[in-house]
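Residue numbers (our numbering): 1027 to 1211.
Below: one structure, written as structure tokens.
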Amino acid sequence: MISAGDFRNGITLEIEGNVVQIIEFQHVKPGKGAAFVRTKLKNVINGGVVERTFRPTEKFPAARIDRVDMQYLYSDGDLFHFMNVDTYDQIALSTETIGDALKFVKENEMVKVCSYNGNVFSVEPPLFVELEITDTEPGFKGDTATGASKPATVETGAIISVPLFVEIGDKVKIDTRTSEYLSRV
């Protein structure tokens, strides 16, 4: 059991039958009245975000989320296929479950498949990936005074914003959490 006074970002709890993750928390001690904890909670199953306040003495059970390293094999229409590299078990997940989590993931790369009580609810891509630029406009000399950028398509089909000096065929490092260009490789 975790009390509201011990809340931290990233903790996963069961509150009123829902599995939620703490996105933000703030301990508030008003001049008049009792202290309380203000939180932003994200429902890990459906992705909804709510704001709630709790008394610091309230306790909630911790939810056990299983994160398994799996290899992304291929997509087949609306299904995405993954394999556990230890047991060679394969699972297929729908587009609704995946969302846009795989927009920077190539086939045969490792991802984390998150489940609660055996029900898969999301896929976490690696934090950083290296992909090749397949399409972008050429940059012009002297156009760099403002730190300008241009759109570029990577080999998975996703579009990111890159500096003007990046050309077709360059390998770039991308942060998958923010979809930002980090550097050339």
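Cβ atoms here follow ideal geometry from the backbone N, Cα and C, with glycine treated the same way.
Go ahead and pull the three-state DSSP assignment for THR1038.
strand
What is the DSSP secondary structure of ALA1178, counted as helix, strand or coil?
Secondary structure of ALA1178 (DSSP, three-state): strand.
With 16 other Cβ atoms within 10 Å as the buried cut-off, status of ALA1178
buried
Terminal residues of the continuous alpha helix (DSSP H) containing GLU1122?
Residue range 1121-1124 is occupied by the alpha helix (DSSP H) that includes GLU1122.
Close beta carbons around LEU1099, own chain, < 8 Å, minus the five adjacent residues each side:
Its chain contains HIS1107, PHE1108, MET1109, GLN1116, GLU1133 and ASN1134 as the residues whose beta carbon lies nearer than 8 Å to that of LEU1099, once the 5 sequence neighbours on both sides are disregarded; these appear in chain order.
Residue(s) in a DSSP beta bridge with GLU1084:
For GLU1084, which the question treats as bridged, DSSP gives no partner whatsoever.
DSSP bridge partner residues for ASP1102 (one or two, in chain order):
LEU1105
Report buried or exposed for MET1096, applying the criterion of at least 16 other Cβ atoms within 10 angstroms of its Cβ.
buried
Helix, strand or coil: how does DSSP classify ALA1061 here?
ALA1061: coil per DSSP, three-state reduction.
So PHE1051 is in the beta strand (DSSP E); what residue range does that whole segment cover?
Annotation for PHE1051: the continuous beta strand (DSSP E) segment containing it runs 1044-1054.
Sort ARG1081, LYS1085 and SER1205 by Cα distance to LYS1055 and report the nearest one.
Shortest Cα-Cα distance from LYS1055 to any of ARG1081, LYS1085 and SER1205 involves ARG1081.
Buried or exposed by the 16-neighbour rule on C-beta atoms within 10 Å, applied to PHE1191
exposed
Would GLU1163 pass as an interface residue toward chain D - the criterion being a Cβ-Cβ separation below 7 Å?
No chain D is present in this structure, which holds just one protein chain.
Look at the alpha carbon of ILE1200 and the alpha carbon of TYR1207, and state the distance between them as a whole number of angstroms.
5 Å
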